[in-house]
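In our numbering, the protein residues as written are 730 to 1149. All residues carry an ideal CB built from backbone N, CA and C; glycine is no exception.
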């Protein structure tokens, strides 16, 4: 399809419905850029809120108004609908069983209600790959701020010899440097796919800039799980390409060279030696064992949202300071019980299937987005082996935005009958 024909098809799609959301679209893009701004908090009377939540709520209100004005129903059907409903139900139950229901209710709205509603908005208003790119650009804009601030923070610490490789790197915005990699790597996955496969030179240029900046920020986070997730994404991109062997060889050389950098080598050395007191994997294994023992008393419903630290407090080794067990499976079991865990696993499987099917369709302009989402999910699973890749405001929001882009692409690929 020529560029002119492609643009004509997109214009027809916009005229078929997306043009009805002239305010919702830019607000949604802005809200994507605000993802890291959940750290900006204030109270409206007794009600605690964040800049990210303000963006989500404003987008939802404007979307409802524009939908009512156009007499259009939201597009709520998707392969994720049943799992999403079950996850929300599990979250509601987790509020009831939580020791602090007020805190649990706040987490419930931030991790489940608001991201799922925003997902519905996006699958309704996104009709073209250009609009999907603008959503990714919104996430990347927020990621750029995160990357620049954290690079500057670490560089300043290095200048003053204040970086201890046995401890977490200094961090800006977030409270831990791992959070930098958790947020950036999924966006890098989508940007990397656009860099390799987008037909738009402008998109490829912007994607290249973000991949470079984001990768530097992840390296400077000194997050070893972040490194693993980034390498997994790079391998996926290389394997997908027709010049895969050259790319895999170059990647191998780059990884070997990176491990020779003294500060990175020192950081990795702590993880290799299981007797090192700063080995976080050994600490994770102990945490998982204690968690499994504790969960014998909470097999079905878990500890509830915000309840993990409360129920861990009787256990030794200061584990009451840990708010999640740092394992994707255990995180959901602990926080949302068996129902929430099953719902999320089903959701993840459906997300992989949807993105994979979108990627293998030949000649479709959405393919770069589908591969990007697929590899973003890979990064979430890889990092989730030892961390918490969902239970943060920005991460749950980012997760549902990625799913929305993938499903919007599937709908768009079906042609103008998507509302049937």
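Mark residue i as exposed unless 16 or more other C-beta atoms lie within 10 angstroms of its C-beta, in which case mark it buried.
i: residue 890; result: exposed
i: residue 974; result: exposed
i: residue 1026; result: exposed
i: residue 915; result: buried
i: residue 1121; result: buried
i: residue 1112; result: buried
i: residue 991; result: exposed
i: residue 1063; result: buried
i: residue 1101; result: buried
i: residue 864; result: buried
i: residue 1090; result: exposed
i: residue 930; result: exposed
i: residue 775; result: exposed
i: residue 1040; result: buried
Please state if the CB of residue j and the CB of residue i are separated by a distance shorter than 7 Å.
i: residue 1011; j: residue 871; result: no
i: residue 962; j: residue 898; result: no
i: residue 959; j: residue 947; result: yes
i: residue 695; j: residue 852; result: The first residue shown for the chain is 730 and the last is 1149, placing residue 695 beyond what the model contains.
i: residue 1035; j: residue 839; result: no
i: residue 868; j: residue 1069; result: no
i: residue 932; j: residue 923; result: yes
i: residue 1009; j: residue 1059; result: no
i: residue 1007; j: residue 895; result: yes
i: residue 1066; j: residue 1030; result: yes
i: residue 786; j: residue 813; result: no
i: residue 965; j: residue 1104; result: yes
i: residue 1159; j: residue 1087; result: A query on residue 1159 cannot be resolved here, the shown segment of the chain reaching from 730 to 1149 and no further.
i: residue 1016; j: residue 1054; result: yes
i: residue 936; j: residue 920; result: yes
i: residue 902; j: residue 925; result: no
i: residue 1093; j: residue 1142; result: yes
Spatial neighbours of residue i within its chain, please: C-beta separation below 8 Å, excluding the five flanking residues on both sides.
i: residue 1082; result: 808
i: residue 954; result: 907, 910, 1111, 1112, 1114, 1115, 1116
i: residue 1000; result: 953, 1008, 1009, 1010
Can you list, in chain order, the residues of its chain whose CB lies under 7 Å from that of residue i, leaving out five sequence neighbours each side?
i: residue 850; result: 753, 757, 788, 789, 792
i: residue 967; result: 973, 976, 977, 980
i: residue 805; result: 849
i: residue 1073; result: 816, 1061
i: residue 749; result: 795, 799, 801
i: residue 993; result: 987
i: residue 1108; result: 914, 915, 918, 958, 961, 962
Might you give, ordered along the chain, the residues of its own chain that have their beta carbon closer than 6 Å to the beta carbon of residue i, omitting 5 neighbours on each side?
i: residue 733; result: Unreliable placement is indicated for residue 733, whose pLDDT of 49 sits below 50; the coordinate value is still reported in the next sentence. Excluding positions up to five away in sequence, the list is empty.
i: residue 892; result: 886
i: residue 780; result: 763, 766, 769
i: residue 1126; result: 764, 844
i: residue 1123; result: 764, 765, 767, 912
Any Cβ of chain B within less than 7 Å of the Cβ of residue i?
i: residue 1093; result: No chain B is present in this structure, which holds just one protein chain.
Scan the segment 757-803 and note each continuous beta strand (DSSP E) run of 3 residues or more that stays entirely inside, going in chain order.
770-773, 776-779
In chain order, which alpha helix (DSSP H) runs of at least 4 residues are fully inside the segment 1027-1075?
1037-1041
Enumerated in chain order, which unbroken segments of the alpha helix (DSSP H) with a length of 4 residues or greater are wholly contained in the segment 897-944?
907-926
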